[in-house]
Amino acid sequence: MLEKKLEKIVISPIEKIWFIVDHIPKGYVSSYGKIADLAGLPGRARYVSTALKRAPSSMALPWHRVINSQGRISFESKSQAYQTQMELLRLDGVQVNDGKISLSEYAWKPDLITLMFEIPF
DNA sequence: ATTATGACGGAAG
DNA sequence: GCTTCCGCCATAA
């Protein structure tokens, strides 16, 4: 019956994180903590970073659009990963000055429709 | 079961 | 603006 069609779909926490990160538009950034909140996983910012680390590269997630809450890249500034992330952000059109990104300028603010129907966790 | 480790966040100095 | 410290939480050993 109808109930059958309304069975709850289960999505694992890590999949929610991947899904949301995949929705960050080019030219915008979000933070580990914010992604966790959007995924319904408050207080699990660190888990977002491990989730990104685990994402198969074949998913081609825009992982570089996730930075820390201070508007900075979370890798060591001398690391290769840091350089890569900075380059990808610049390709997105996001300015990275002195290792800092202006959140007031580039923070992703999903609209109501997106929150309700696209990432409804 | 304990311990150590982070792509974190926030408060404090 | 710094930097340090501490709480947090999912893994790996």
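The first sequence begins at 103 in my numbering and counts up one residue at a time. In this text, a Cβ means the ideal position worked out from N, Cα and C, and glycines have one as well. On a predicted model such as this, the values are computed, not experimentally measured, just so you know.
Check, Outcome
"Write down the C-beta distance between Val150 and Ala138 rounded to the nearest angstrom, noting that I regard them as a contact closer than 8 Å.", "5 Å"
"Just tell me which of Ser206, His166 and Lys180 has its CA closest to the CA of Lys128.", "His166"
"Inspect the beta-carbon positions of Ser159 and Tyr134 and report whether they are closer than 9 Å.", "no"
"Pull up the distance between the alpha-carbon of Leu190 and that of Phe177, whole angstroms please.", "14 Å"
"For Ile137, name the three-state secondary structure that DSSP assigns.", "helix"
"Going straight from the alpha carbon of His125 to that of Lys107, what length do you get?", "27 Å"
"Between which residues of its own chain and Val198 is the CB-CB distance below 7 Å, once the five residues before and five after are set aside?", "Met188, Leu191 and Arg192"
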